Amino acid sequence: MLRLRAIYPCSWRVFQFRTCSCKPLISQMIKCTDEEQVFDLIKKNKATFSEKQVECAFNILWQFQQQRTSFLKNVDCIRDYPHFLTLHNLATSQIEFMDDDTLVNVLYFIQQCAPEAHDLLVEALVIESWRRLERFDINVLSKFSSCLANQLLYYSPLMGKIADIVHRNLETIDDLRLKSTILLMSEELTSQQALAVMSAMEEMESRNSHLIKKIASILHKHLDDYKPFELLKITQTLTFLHFQSKELFVKLRELLLRYLKISVIPSEIAILVYALSILPSSNLGEVEISQIEAVLPQCDLNDLNGFATSVLRWIHYDRKYLDSTTGKQLKLLQKLDHYGLQRLRNSNSLNLLWKELKSLKGDWFTESLLEETVATLLRLMDEINSKNVAEIASFISRTNYLNTLLLDRIASVVVQQIEKIHPFEILGIILPFSALNYDPPQNDEFFRICIQHLNSYLSGLEPPMLVFLGFSLAALGYFPEDLLKAIFNIKFLSKMDSQLELLCSSLNRRVQFRLMELNRAVCLECPEYQIPWFHDRFCQQQYNKDIGSMNGAQKQIYKMLAEVLGGTNCVKASVLTPYYHRIDFECVLDKKKKPLPYGSHNITLGKLPEMHWESNTQITGSRLPPGAERIALQFLDSRAFCRNIPHLKGKSAMKKRHLEILGYHIIQIPHFEWNSMALSTKEARMDYLRERIFGEGKS
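Note that the numbering used here has the sequence shown beginning at 5, numbered continuously upward.
Given below as structure tokens:
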């Protein structure tokens with residue numbers, strides 16, 4: 005992944021040598037007696053306005069407000085000035101030139117002068133402050149934490165990050181305002197504040213054991229004050245943060261069971277049961293199981309899914325309990341299946357059903373309800389419209405279930421009602437077509453309309469969303485030039501690089517991989533765009549970490565390929581191509597379809613540059629003997645196909661296109677063929693490989 009931090013010092017040098025003098029204009033603003041005079045100066049001098057002048061303008065406007073008695077009226081008056089937007093735009097354009105103190109001051113002043121009007125500027129200031137957080141001195145950190153408190157961002161991971169900085173520098177901090185703002189090191193932390201800080205630490209994936217222990221002790225002290233859903237949050241967070249305390253978990257279990265005995269609300273009971281299932285060494289007795297069974301007729305799909313997830317967790321992890329208990333849990337699962345199917349079959353409103361479906365996930369839903377859910381969506385698909393089409397499409401993409409009638413309906417709604425659909429919803433709409441590798445009958449019109457609808461809004465999309473959008477279209481073979489230009493430029497990549505630091509590690513990694521895959525797709529499929537490949541180092545780092553052993557099926561295939569081709573020197577396993585596609589097995593046939601042993605011809609093979617590579621993973625080159633053919637054999641497990649039919653999914657189809665562009669003849673070995681009854685013997689499998697490679701049957 006690009007690291008473009010080298011650009012920033014250059015920006016600061018530009019700032020240091022700016023020739024326009026701030027002082028005369030600042031002096032004029034200080035002498036202003038009302039807002040109109042300030043805005044008049046802004047109007048006349050906007051072409052040369054500096055970041056210090058922006059700070060001064062906001063400061064003076066805020067001072068005018070403090071002098072007024074009718075505060076809200078005057079705030080509205082400021083927002084209504086035509087050149088307030090000019091000041092807002094000037095502030096946005098000057099963010100990278102602001103020093104730390106100016107940056108946070110402008111954030112504070114705009115919060116006071118226009119608390120609701122300009123969220124984008126506030127967001128940009130907060131993001132830039134987050135990027136610089138580690139270098140803020142204590143005074144600036146104090147002001148910034150006050151700004152977050154003003155925005156009620158108690159649950160923000162930023163508060164957890166600030167808390168971590170404070171903890172690391174506690175002995176050097178004398179600023180009482182900072183300490184009181186984040187309340188981290190004080191035993192006076194309220195129950196809600198402690199919960200908020202712990203949630204923020206979870207979001208930022210904190211591993212500060214001392215800080216976790218301290219906040220957990222405060223949670224423990226207030227445990228009796230929390231409601232069931234808060235107890236669930238505490239249980240999830242402490243588990244995620246790997247916190248261990250037998251005393252605390254015993255108290256949690258007691259409270260959860262106490263609530264469970266008196267609760268009659270299905271959703272609350274589901275929350276309590278789910279929390280109990282997370283706790284170590286926890287299981288439900290017959291009384292609790294009976295209580296669950298009693299409320300099942302009143303449960304919606306979310307409640308049923310919560311119960312099922314909990315029961316499956318107990319069955320999976322608690323095999324040490326008596327068979328009678330496990331038997332009761334299995335019977336409970338059967339009842340959950342019954343009520344879930346019944347609820348789907350009785351649904352007669354798509355919008356009401358969607359409220360229950362949108363957050364469903366997990367093994368129980370996939371195994372027990374997915375077929376009936378798709379049937380219900382088909383029954384109600386006439387109700388798919390511009391308001392719900394993006395949500396339904398996103399849901400379908402998560403199921404990996406291909407139903408062409410549903411996707412055709414979605415495409416039809418989009419084509420007919422595109423003007424009623426928000427451009428930012430286009431990604432969700434495209435996802436199932438991309439993930440499931442499906443082109444609707446009117447595919448050219450459908451994708452053209454989606455892309456056109458987006459074009460004028462590209463600058464408003466956040467970098468991760470833009471990358472996901474570009475990748476989703478690329479998987480389908482669409483490469484809109486405007487979209488690619490918006491992504492592959494230094495300004496965008498620099499902005500994305502900064503934002504990656506704000507994401508959790510899993511999402512950060514996913515965004516980086518999607519950008520790499522998009523870069524690869526553009527280089528291979530659209531060389532005319534002349535977009536450079538810049539992911540060599542990223543790929544080397546990732547593949548050096550991710551080298552693993554072959555699974556059972558791959559080992560079988562490797563041994564048989566060696567026999568079929570005439571020896572292990574005629575087949576290579578785990579090969580990396582240019583642009584870092586991994587191939588399970590590679591072999592080369594000459595023009596007479598005779599296997600060529602590696603080393604006996606001039607195929608370019610070499611270890612990765614600048615790497616200590618300790619496997620036979622190789623990057624293939626491009627030279628072959630005249631008439632020879634390079635063969636790529638891929639074993640495709642269930643992840644390569646749609647859940648319900650053997651239809652190749654989007655990423656696997658794109659990889660096949662790319663390998664063909666690189667000159668490979670592709671032989672795909674689907675898991676359902678390799679593991680079929682027809683190939684139950686070694687001889688049958690050997691014949692299968694010979695037929696696929698040489699086009700011949702039994703030898």
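C-beta atoms are modelled at their ideal positions from N, C-alpha and C, and glycine is treated no differently. Here the structure is a predicted model, which is why all the values come from computation and not from measurement.
Asked: DSSP state of residue 647 mapped onto helix, strand, coil; Found: coil
Asked: Stretch pair the stretch 647–655 + the stretch 426–444: three plus CB contacts closer than 8 Å; Found: yes
Asked: Backbone CA spacing between residue 607 and residue 547 [nearest angstrom]; Found: Summary for residue 607: the model assigns pLDDT 39, below 50, so the residue's position carries little reliability, and this model does not support an answer.
Asked: Residue nearest to residue 235 in terms of C-alpha spacing, selected from 262, 667, 545, 321; Found: 262
Asked: Inter-stretch contact (C-beta, 8 Å, three-pair minimum) for the stretch 532–547 and the stretch 498–509; Found: no
Asked: Residue 668 - DSSP class collapsed to helix/strand/coil; Found: strand
Asked: Residue 268 - DSSP class collapsed to helix/strand/coil; Found: coil
Asked: Opening and closing residue of the alpha helix (DSSP H) in which residue 312 lies; Found: 305–321
Asked: Local conformation of residue 126 per DSSP, three classes; Found: helix
Asked: Continuous beta strand (DSSP E) stretch holding residue 587: start and end; Found: 586–593
Asked: Residue 674 - partner residues in DSSP beta bridges; Found: 640
Asked: Own chain, CB closer than 6 Å to residue 80, minus 5 neighbours either side, in chain order; Found: Because the pLDDT at residue 80 is just 49, under 50, the model does not fix this residue reliably, and the value given afterwards should be weighed accordingly. If we look at residue 80 and ignore the five residues flanking it on each side, it has no Cβ neighbours.
Asked: Own chain partners of residue 111 with C-beta closer than 6 Å, once the 5 adjacent residues on each side are dropped; Found: 129, 151
Asked: Pair within 8 Å by beta-carbon distance, residue 87 and residue 131; Found: no
Asked: Ranges of the beta strand (DSSP E) found wholly within the stretch 404–479, counting only runs of at least 3; Found: none
Asked: Check whether residue 475 and residue 522 have beta carbons under 8 Å apart; Found: yes
Asked: Residue 659 burial status per 10 Å Cβ neighbour count (16 or more: buried); Found: buried
Asked: With 16 other Cβ atoms within 10 Å as the buried cut-off, status of residue 595; Found: exposed
Asked: Exposed unless 16 or more other CB atoms sit within 10 angstroms - verdict on residue 73; Found: With a pLDDT of 46 at residue 73, under the threshold of 50, the modelled position of that residue is not reliable, and the figure given next carries that caveat. Exposed is the call here.
Asked: First through last residue of the beta strand (DSSP E) which encompasses residue 580; Found: 576–580
Asked: Under 8 Å between C-beta atoms of residue 561 and residue 639; Found: yes
Asked: Residue 297 - DSSP class collapsed to helix/strand/coil; Found: helix
Asked: Given 8 Å, three or more beta-carbon pairs between the stretch 453–465 and the stretch 480–493; Found: yes
Asked: Residues of its chain near residue 673, where Cβ-Cβ distance is below 6 Å and the 5 sequence neighbours each way are ignored; Found: 639
Asked: Sequence-distant residues of the same chain with beta carbon closer than 8 Å to residue 683, five excluded per side; Found: 677, 689, 692
Asked: Distance cut-off 7 Å: residue 385 Cβ against heavy atoms of the ligand NAD; Found: This structure lacks the ligand NAD; in fact it carries no ligand of any kind.
Asked: Opening and closing residue of the alpha helix (DSSP H) in which residue 518 lies; Found: 509–529
Asked: contact_flag[the stretch 373–392, the stretch 346–354] where n(CB pairs < 8 Å) is 3 or more; Found: yes
Asked: Strand pairing of residue 497, partner residues [DSSP]; Found: Residue 497 is not bridged to any residue.
Asked: Distance, residue 411 Cα to residue 304 Cα; Found: 26 Å
Asked: Residue 387 versus residue 409 - alpha carbon distance; Found: 14 Å
Asked: Where residue 634 falls: helix, strand or coil (DSSP); Found: strand
Asked: Between the CA atoms of residue 420 and residue 281 - distance to the nearest angstrom; Found: 47 Å
Asked: Contact set for residue 568: own chain, Cβ-Cβ below 8 Å, skip 5 residues either direction; Found: 690, 693, 694, 697
Asked: Endpoints, alpha helix (DSSP H) assigned at residue 138; Found: Element bounds for residue 138: n/a, residue is neither H nor E.
Asked: Supposed contact pair residue 203 and residue 237 - C-beta distance, whole angstroms, cut 8 Å; Found: 7 Å
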